[in-house]
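**Student:**
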Amino acid sequence: MDLTTEVILALTGVLLLLSVVKDRRKTAAALRVAYKGFLRLLPSILAIILVVGLIIGFVPPRWIARVIGQNSGALGVAIASLLGAVLFIPVIIAFPLARSMLDMGAGIMATAAFITTLTMVGFVFLPLEIKELGKRFAIARNALSFAAAIAIAVVIGVIIR
Amino acid sequence: MSGNGNAEADGNKRSLRKRMRWDYAALFLLAPVFVAVVIAFPDKGGQARHVAWEYFKEMAIILPAVFIIMGLVSVWVEREFIVRFLGEGSGVKGVILSFILGSIPMGPLYVAFPLAAVLLKKGAKVANIIIFLSAWACIKLPAELMEFQFLGWKFTLVRYLTTLVVVVALSEVIGRVFFKHGYEAPDEAIEAADG
Numbered sequence: 001m002d003l004t005t006e007v008i009l010a011l012t013g014v015l016l017l018l019s020v021v022k023d024r025r026k027t028a029a030a031l032r033v034a035y036k037g038f039l040r041l042l043p044s045i046l047a048i049i050l051v052v053g054l055i056i057g058f059v060p061p062r063w064i065a066r067v068i069g070q071n072s073g074a075l076g077v078a079i080a081s082l083l084g085a086v087l088f089i090p091v092i093i094a095f096p097l098a099r100s101m102l103d104m105g106a107g108i109m110a111t112a113a114f115i116t117t118l119t120m121v122g123f124v125f126l127p128l129e130i131k132e133l134g135k136r137f138a139i140a141r142n143a144l145s146f147a148a149a150i151a152i153a154v155v156i157g158v159i160i161r
Numbered sequence: 162m163s164g165n166g167n168a169e170a171d172g173n174k175r176s177l178r179k180r181m182r183w184d185y186a187a188l189f190l191l192a193p194v195f196v197a198v199v200i201a202f203p204d205k206g207g208q209a210r211h212v213a214w215e216y217f218k219e220m221a222i223i224l225p226a227v228f229i230i231m232g233l234v235s236v237w238v239e240r241e242f243i244v245r246f247l248g249e250g251s252g253v254k255g256v257i258l259s260f261i262l263g264s265i266p267m268g269p270l271y272v273a274f275p276l277a278a279v280l281l282k283k284g285a286k287v288a289n290i291i292i293f294l295s296a297w298a299c300i301k302l303p304a305e306l307m308e309f310q311f312l313g314w315k316f317t318l319v320r321y322l323t324t325l326v327v328v329v330a331l332s333e334v335i336g337r338v339f340f341k342h343g344y345e346a347p348d349e350a351i352e353a354a355d356g
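First to last, the sequence lines map onto chains A and B.
Residue 1 is where the first sequence starts when you use the numbering used here, and the numbers rise one by one after that.
Residue 162 is where the second sequence starts when you use the numbering used here, and the numbers rise one by one after that.
#1: Name the chain A residues that come within less than 8 angstroms of residue 237 of chain B, Cβ to Cβ?
#2: Would a check of beta-carbon distances place residue 114 of chain A closer than 7 angstroms to chain B?
#3: For the alpha helix (DSSP H) that residue 305 of chain B lies in, which residues bound it at each end?
#4: Take residue 238 of chain B as the anchor and find which of A/45, A/26 and A/122 has the nearest alpha-carbon.
#5: Relative to chain A, which residues along the segment 239-255 of chain B have a C-beta separation below 8 angstroms, given in chain order?
#6: Closest Cβ-Cβ distance between residue 308 of chain B and chain A: below 7 angstroms?
#7: Could you say which of A/67, A/47 and A/96 lies nearest to residue 125 of chain A if we only look at CA atoms?
#8: Counting only the same chain and skipping the five closest in sequence on each side, list residues whose C-beta sits under 8 angstroms from that of residue 199 of chain B.
#9: Would you mind reading off the limits of the alpha helix (DSSP H) that contains residue 211 of chain B?
#10: Counting beta carbon pairs with one atom in the segment 80-89 of chain A and one in the segment 239-256 of chain B, are three or more of them shorter than 8 angstroms?
#11: Just to confirm before moving on: does the CB-CB distance between residue 270 of chain B and residue 296 of chain B stay below 7 angstroms?
#12: Run down chain B in chain order and give the residues with a C-beta less than 7 angstroms from the C-beta of residue 44 of chain A.
#13: Classify residue 226 of chain B: buried if its beta carbon has 16 or more other beta carbons within 10 angstroms, exposed otherwise.
#14: Counting along the chain, where does the alpha helix (DSSP H) carrying residue 103 of chain A start and finish?
#15: Starting from residue 136 of chain A and walking both ways along the alpha helix (DSSP H), at which residues does that stretch end?
#16: Excluding the 5 residues preceding and the 5 following residue 84 of chain A in the sequence, name in chain order all residues of the same chain whose CB lies nearer than 6 angstroms to its CB.
#17: Please decide whether residue 323 of chain B counts as near chain A, where near means a Cβ-Cβ distance under 7 angstroms.
#18: Could you tell me whether any non-hydrogen atom of the ligand ATP is closer than 6 angstroms to the CB of residue 218 of chain B?
#19: Have a look at A/10, A/15, A/13 and A/49 and flag the residue whose alpha-carbon is nearest the alpha-carbon of residue 272 of chain B.
#20: Which residues, taken in chain order from the segment 97-114 of chain A, show a beta carbon closer than 8 angstroms to some beta carbon of chain B?
#21: If distances are taken between C-alpha atoms only, which option among B/290, B/222 and B/253 comes closest to residue 6 of chain A?
#22: For residue 101 of chain A versus residue 79 of chain A, is the C-beta spacing smaller than 7 angstroms?
#23: Under a Cβ-count criterion, where at least 16 other Cβ atoms within 10 Å of its own Cβ denotes burial, should residue 74 of chain A be classed as buried or exposed?
#24: Measure the beta-carbon distance from residue 106 of chain A to residue 76 of chain A and round it to whole angstroms, keeping in mind my assumption that it falls under 8 angstroms.
#25: With a threshold of 7 angstroms between beta-carbons, can residue 212 of chain B be considered close to chain A, or not?
#26: Taking the alpha helix (DSSP H) that residue 285 of chain B falls in, what are its first and last residues?
#27: Determine whether the beta carbon atoms of residue 112 of chain A and residue 156 of chain A lie at a separation below 7 angstroms.
#28: Would you list, in sequence order, the uninterrupted beta strand (DSSP E) runs of no fewer than 3 residues that lie entirely inside the segment 244-300 of chain B?
#29: Quick one: what does DSSP say residue 29 of chain A is sitting in, helix, strand or coil?
#30: So that I know if they touch, is there some Cβ in chain A lying closer than 7 angstroms to that of residue 319 of chain B?
#31: Can you give me, in chain order, the residues of the segment 198-209 of chain B that have a beta carbon less than 7 angstroms from any beta carbon in chain A?
#32: With 7 angstroms set as the bound, which would you pick, yes or no: does the beta-carbon of residue 56 of chain A sit closer than that to a beta-carbon of chain B?
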């Protein structure tokens, strides 16, 4: 268990304890809401976990680095941002990967586009986001975040040379 | 009277089945595919299995906690409170607070969706929730440290500041263009939150 997990658990425990001390019935109501929400999302989350497992298992980081590294210019940026949007890669792998992209000749712009879409746009999570926040919200957020990621990449590319 | 109650229960059951269908379908389709692929390609499949298992363990611990926090927020936090600090009139304060809330490291983006849903339902402004989700997605202290280490301070700093500016602009655009007449939560999310 890492520090983040421990902090979350501790925080939840403290809040739950305070809630129980203050009002049992309200706490029970809160737990009912939590339970229902959890059950509602469980199948989607299990499906997402399987997809993420397949992506990380079958799309080798070296392949990504090569594809983005070899395509410079606008095409490189386009490929990088699309890959970043579709793939799901934890940051522990993503930043070393970005480093090796740069080493293989990728532009700063493409690298920035990759990192930014990777974090902000989640095609894998889209069904889940639609379920929780609605179609309009999810699609607007993902589409505009994609555009924003390209804008961010261009600014970074212009500033850093 | 009892007939009425039954009809209502039937209706609930039917709508429940209707909305459960496709995510279970996806899961039941994916699970055999996953197993077949893992068996067919033992090498890469082993990696896939390992990753899926690690995520499963992480989610089994974090997700219940996040949902308990969501439940507590939905019961304890007054609507007026959320409206005042994150609602339409919250201004720059709301923006800053959304950034801070989103920057608390609590796991991957999909963990944030239920929290975002409860905040929206309690009257938070759409733009602020976009900021909250964007900050959650790309501004995390542990991640920034890694970025700094692998890509250098210049890249990290420029990307951080650019993202900050672009995200605030983006949130205003989404809020004003797509939710001119306010936000309406999807039916099932409301139902669930109302318990």
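Note that beta-carbon positions come from the ideal geometry of N, C-alpha and C, so glycine has one too.
**Tutor:** In short:
#1: Counting from 1 along the second sequence, the entry for residue 237 of chain B is found at position 76. Those are 19, 26 and 30, listed as they occur along chain A.
#2: In the first sequence, counting from the first residue as 1, residue 114 of chain A sits at position 114. No, residue 114 of chain A does not count as interfacial toward chain B.
#3: Residue mapping note: residue 305 of chain B aligns to position 144 of the second sequence, counting from 1. Residues 302-334.
#4: Within the second sequence, the letter at position 77 stands for residue 238 of chain B. With distances taken between Cα atoms, residue 238 of chain B lies closest to A/26.
#5: none
#6: Residue numbering aside, residue 308 of chain B sits at position 147 when the second sequence is read from its first letter. Chain A contact via Cβ: present.
#7: As a first step, residue 125 of chain A is located in the first sequence; it is residue number 125 there, counting from the start. Of the listed residues, the one whose Cα sits closest to residue 125 of chain A is A/47.
#8: Taking the second sequence and counting its residues from 1, the one referred to as residue 199 of chain B is at position 38. Here the set comprises 206, 207, 209 and 210.
#9: As a first step, residue 211 of chain B must be located in the second sequence, where it is residue number 50. Counting along the chain, the alpha helix (DSSP H) containing residue 211 of chain B begins and ends at 203-237.
#10: no
#11: Residue 270 of chain B sits at position 109 when you count from the first residue of the second sequence. Residue 296 of chain B sits at position 135 when you count from the first residue of the second sequence. No, the pair does not count as a contact, with Cβ atoms beyond the cut-off.
#12: Counting from one through the first sequence, the residue named residue 44 of chain A turns up at place 44. Under the 7 angstroms cutoff, chain B gives 184.
#13: Reading the second sequence from its first residue, position 65 is the one you call residue 226 of chain B. Buried, since its Cβ has 16 or more Cβ neighbours within 10 Å.
#14: Along the first sequence, one-based indexing puts residue 103 of chain A at 103. Looking at the DSSP string, the run of the alpha helix (DSSP H) that includes residue 103 of chain A is 91-103.
#15: On the first sequence, position 136 is the one that residue 136 of chain A refers to. That run of the alpha helix (DSSP H) goes 135-159.
#16: The count along the first sequence starts at 1 and reaches residue 84 of chain A at position 84. Around residue 84 of chain A: 114, 117 and 118.
#17: In the second sequence, residue 323 of chain B corresponds to position 162, counting from 1. Yes, because at least one Cβ of chain A sits closer than 7 angstroms to the Cβ of residue 323 of chain B.
#18: Here there are no bound small molecules, and the ligand ATP is not part of this structure.
#19: Along the second sequence, one-based indexing puts residue 272 of chain B at 111. Nearest option by C-alpha distance: A/49.
#20: 98, 99, 102, 108, 111 and 112
#21: One-based indexing of the first sequence puts residue 6 of chain A at position 6. Of the listed residues, the one whose Cα sits closest to residue 6 of chain A is B/222.
#22: Here the question's residue 101 of chain A lines up with position 101 in the first sequence. Here the question's residue 79 of chain A lines up with position 79 in the first sequence. No, they are not a contact pair.
#23: Here residue 74 of chain A refers to the residue found at position 74 of the first sequence. Burial call: exposed.
#24: Here residue 106 of chain A corresponds to residue number 106 of the first sequence, with the count starting at 1. Here residue 76 of chain A corresponds to residue number 76 of the first sequence, with the count starting at 1. Sure, about 6 angstroms apart at Cβ, within 8 angstroms.
#25: The residue labelled residue 212 of chain B in the question sits at position 51 within the second sequence. By this cut-off, residue 212 of chain B is an interface position.
#26: Looking up residue 285 of chain B in the second sequence gives position 124. Counting along the chain, residue 285 of chain B falls outside any alpha helix (DSSP H), and DSSP gives it neither H nor E.
#27: For the purposes of this step, residue 112 of chain A is taken as residue 112 along the first sequence, with counting starting at 1. For the purposes of this step, residue 156 of chain A is taken as residue 156 along the first sequence, with counting starting at 1. Cβ atoms of residue 112 of chain A and residue 156 of chain A: closer than 7 angstroms.
#28: none
#29: Taking the first residue of the first sequence as position 1, residue 29 of chain A is located at position 29. Residue 29 of chain A: helix per DSSP, three-state reduction.
#30: Looking up residue 319 of chain B in the second sequence gives position 158. Interface residue, yes.
#31: 198, 205, 206, 208 and 209
#32: On the first sequence, residue 56 of chain A is found 56 positions in, with the first residue counted as 1. Yes, contact with chain B.
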